[in-house]
Amino acid sequence: MAGEFIPAGKRILIVSKGDEDLLRVADRETAHFPQAEGGGYAGHHPGDSEEAVGHLENLRAQGWEYLILPATSLWWLSHYTEFESHLRTHHECVCTNEAGIIFRLSGSTSLARNGRSSRASAFSRNGYSPSPPPKAANVMEEYARIKLRQFLAGPGRLRFPKVDEPVVSIVIPTYQQAHYTLLGLESLLVADDDVPFEVIVVDNASTDDTEALLSRVENIQVANNDCNLGFGEACNRGAKMARGEFVCFLNNDTLGTPGWLSVLVETARSEPRCGGVGPKLVHPSGRLQEAGGILWRDGSNLGYGRNANPTDPEYDYVRDVDYCSGACFLMRKDLFLALGGFDPRYAPAYCEDTDLCMAIREADLRVVYQPRACVFHIEFGSSEAGHAVELQLRNRARFRAKWRLKLRQYPAAGSGEEWLARDRREGRRILVADDRVPDAGLGSGFPRARTLLESLASLGYIVTFLPLNNVTALEPATSELQQLGIEVLHGVKNIRERLSQRHDLYDAILVSRPHNAHWIPVIKEFNPEAAVIYDAEAVFCLRDALQAEVEGKNPLPPLESKRRLRKELSLADDANAVIAVSEQERALFTKHNPDIPVLVWGASILTRNASPSFDARRDYLFLGSLATPPNADALRLLLDAIFPAIRERSNARLTVVGAPVPASTTAADAPGSVVLTGYVNDVSPFFDRARVFLAPHRFAAGVPYKVIEAMAAGLPCVLSPLLAQQLEVTDGAEALVGDGVDDFRLKALRLHEDKALWLRIQQNALRLIRDRFDPAKMREALGNCIEGAFESHFGHASHNRRPAQIVAAPGTTQTIRPPQSPSIPLVDDPLFQARATI
């Protein structure tokens, strides 16, 4: 047993009565538990749970890493109930089978470790004798019992609303524990859910106050069994009584958080092929109880993340799992009945939920873990802990016998494959690393980064996003990505340590932006077989040179410009594929290293089907993150040199959308004519009110996403030559291009006043966006790029996927047009020349 689940070299405590044969485990250090000061068997058992916990924690602090309870010692769990609760609350159960139970002792617990007990015992001599605070479950149980007594002693009643057409039928099986049933029913009454539901309580012949309690509850259905049929059979009876589209099985010792039921229903309806969905289960202590479950080849299981912090990012994203606990599980009623309900072979309890989830997956449907729904579960509040362990062992054998052929496909317990087994989706695993969680409102390439992540997820890749510089969980972007099934590793302080925990997990790594390229060898160190995709986002040295010119700094000598360009391009030398944002930058990478395929992937956006007419619009619009030098410079130029002259001939306002507004820029620059909005969540109304979009940028890198957004929204644009070059648009066709301050001002006025020209520019721009940036085409191109990287890395086409075919986004393979006016070369390369002044 130990050899299969505990790695070699580990230190193991074994609960025994001094049997030396139990200590004979190859390649592992073993010792008796409990033990005397010298390390031998103590000769007697702990006086109570407190002594057992104290002794265990003292030995754990001395470096003992595992505790085994052989089958002959399982009586400990029913005799020392607080000891059992401590194990399950603070440590991780890695195996439960006929031979016994193994716990991995965590590195720390929340218990105090100093002081001595006033009671002398053999287990306090090593300097640790705890005085632990009351366990959360115990406090809650006492509170629930008091609350039940008060409720039954008074005239109060619980009144559920009458629901003629429930969407969900909540089935609650009960046996004893009326005090928990009261808490659970009260929790449903204040659930703050928009989903109409009915409550069905199926009681398994309780002899406590359950009958008296249920007689005080209005507008619920109650079914009484003549004997204790167990969890599964009670649920089966309740499901047959259900009127809802969905049935939600709910333990009586659960407390839902606001909105939990609505979230489960929304997930069941929106996730393709969703056969069932379960929430995040949290213990009353505040520690995680389960974030979905993992099944092993021997039929044993693992509640993923047990005792961890429930807000850790590993447990906060939607994913497919082997099973979700029957303590709270929602699925369509007709599917449940079609599958035959819970298998009666597991009566009275345990393994029927894993069995049902196996049946769902066998029907080619998904079992989905939804962390946005959170439910507190007291655990073992609906059964006796000692008896529960016996039932688990018996039913695990039955489960293994039923599914033995299917279980052969599952990893072995103790194989170290938890990181793989936690997510049952099929697809390659990709680690994407960038500066920060991509909030589209930040600009600076983050709208594109957000779209890239969404596209990877929609292609079926299993995506982990790692912010490298700003580890803050920016909201709502973080939650939105997590709901797409993307793991967002926010808050990581030691990246190397986190990567080492996930050794060989990823099939590919995608690193964005030049200043993050130094992380590529670090990530490869822990994922040596992974393919590498370098996402340039932009060639920044070109922008820096333009910025220096605009700011009046001495230009770099041509040789130094070439050296800096070569250095930045060489960041991709070890990549299997490169993603560039424009055809011009693709040409630079291809010339530098012709052997590396380069995809042009600048944006992915849908065009608006309808937008306000020319006559319904009035304003000029400038939009962008004003924290970035290119946008701040463009706005300063617009307010100082361009818009004052426009204002003399037009009464239209200039609306500036973006934050933070520079201290030097105020509405006093043009009283009544300039509106500074600051940050806004939704820019659509501003696109609809504006007649002309202005982008007079003198330096920038990549592609101007804000211009692409404006075009897609049906808003015609006046651009600087630089932005026109980046987008490969023609003056007078897809936009007007202002070459110099005077020309820019005149073209802005012309586009604002000429309706026929405005309509022509609008339609041409919409056609350009559809041709080049259609999301379906961009997703296909991205998928081809990723699969091409695998083929380049491994030397053959990807398994079970179409052969790689690196393609650029439609419309981006045109011949590169030279600037329409003399330009200032940054390098002696005719493929790329940039305009520095407007």
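Just add 1318 to the spot in the sequence shown (first one is 1) and you have our numbering. Glycine is no exception: its CB is placed at the ideal position from the N, C-alpha and C atoms.
- Checking the DSSP bridge columns, you'll see P1602 has no partner listed.
- Boundaries of the beta strand (DSSP E) around C1566: F1564 to L1568.
- About 20 Å separates the beta carbon of E1886 from that of V1868, a gap too long to meet the 8 Å contact definition.
- Within its own chain, the residues whose Cβ lies closer than 7 Å to the Cβ of A1609, once the five positions on either side in sequence are excluded, are K1598, Y1622, G1623, Y1633, Y1687 and P1689, listed in chain order.
- Nearest C-alpha to H1350 among S1403, E1368, G1594 and Y1384: Y1384.
- Using a Cβ distance threshold of 7 Å, L2100 and E2052 do not count as a contacting pair.
- For the set S2002, W1394 and R1650, the Cα lying nearest the Cα of A1557 is the one of R1650.
- For R1477, the beta-bridge partners assigned by DSSP are E1536.
- A2107 has its alpha-carbon roughly 12 Å from the corresponding atom of R1746.
- Going by DSSP, R1881 is part of the alpha helix (DSSP H) stretching over P1876 to L1887.
- In this structure, S1922 and F2091 form a Cβ contact; the two beta carbons are roughly 6 Å apart against a cut-off of 8 Å.
- Counting the other Cβ atoms within 10 Å of the Cβ of V1489 gives 16 or more, which makes it buried.
- According to the DSSP assignment, Q1865 belongs to no beta strand (DSSP E) but to the alpha helix (DSSP H) extending over F1858 to V1868.
- Per DSSP, the beta-bridge partners of L2012 are V2036.
- Annotation note: the region 1660-1724 contains the following uninterrupted beta strand (DSSP E) runs of length 3 or greater, listed N- to C-terminal: 1684-1695.
- Listed as beta-bridge partners of D1521 by DSSP are T1492 and N1542.
- S1929 is a Cβ neighbour of G2032, given a cutoff of 7 Å.
- Excluding residues up to 5 positions away in sequence, V1755, P1756, D1757, A1758 and R1768 lie with their Cβ nearer than 8 Å to the Cβ of A1795 in the same chain.
- In the DSSP assignment, V2047 falls outside any alpha helix (DSSP H), carrying neither H nor E.
- The criterion of a C-beta distance shorter than 7 Å is not satisfied by I1696 and P1576.
- Taken in chain order, the whole beta strand (DSSP E) runs of length 3 or more contained in the region 1763-1823 are 1780-1788.
- Per DSSP, the continuous alpha helix (DSSP H) segment holding F2004 begins and ends at S2002 to R2007.
- Straight through space, the alpha carbons of R2088 and L2077 are spaced by roughly 17 Å.
- The Cβ-Cβ distance between L2012 and V2036 falls below 7 Å.
- Pairing F1654 with V1581, the inter-Cα distance amounts to about 20 Å.
- Rounded to the nearest whole angstrom, the C-alpha separation of A2028 and F1940 is 10 Å.
- Partner residues in the beta bridge of I1851, as assigned by DSSP, are L1828 and A1895.
- The beta carbons of A1854 and E1903 sit about 6 Å from each other, so the pair counts as a contact at 8 Å.
- Straight-line spacing of the CA atoms in W1394 and C1669 works out to 23 Å.
- The secondary-structure analysis by DSSP pairs G1418 across a beta bridge with P1388 and N1415.
- Three or more beta-carbon pairs separated by less than 8 Å link the region 1372-1388 to the region 1418-1425, which places the two stretches in contact.
- L1864 places its beta carbon less than 7 Å from that of F2017.
- T1390 counts as exposed, since fewer than 16 other beta carbons sit within 10 angstroms of its beta carbon.
- Between P2014 and L1972, the gap from beta carbon to beta carbon reaches 7 Å or more.
- Here Q2044 is buried, its C-beta having at least 16 other C-beta atoms within 10 Å.
- Annotation: D1753 is outside any alpha helix (DSSP H); the continuous beta strand (DSSP E) that includes it extends over R1747 to R1754.
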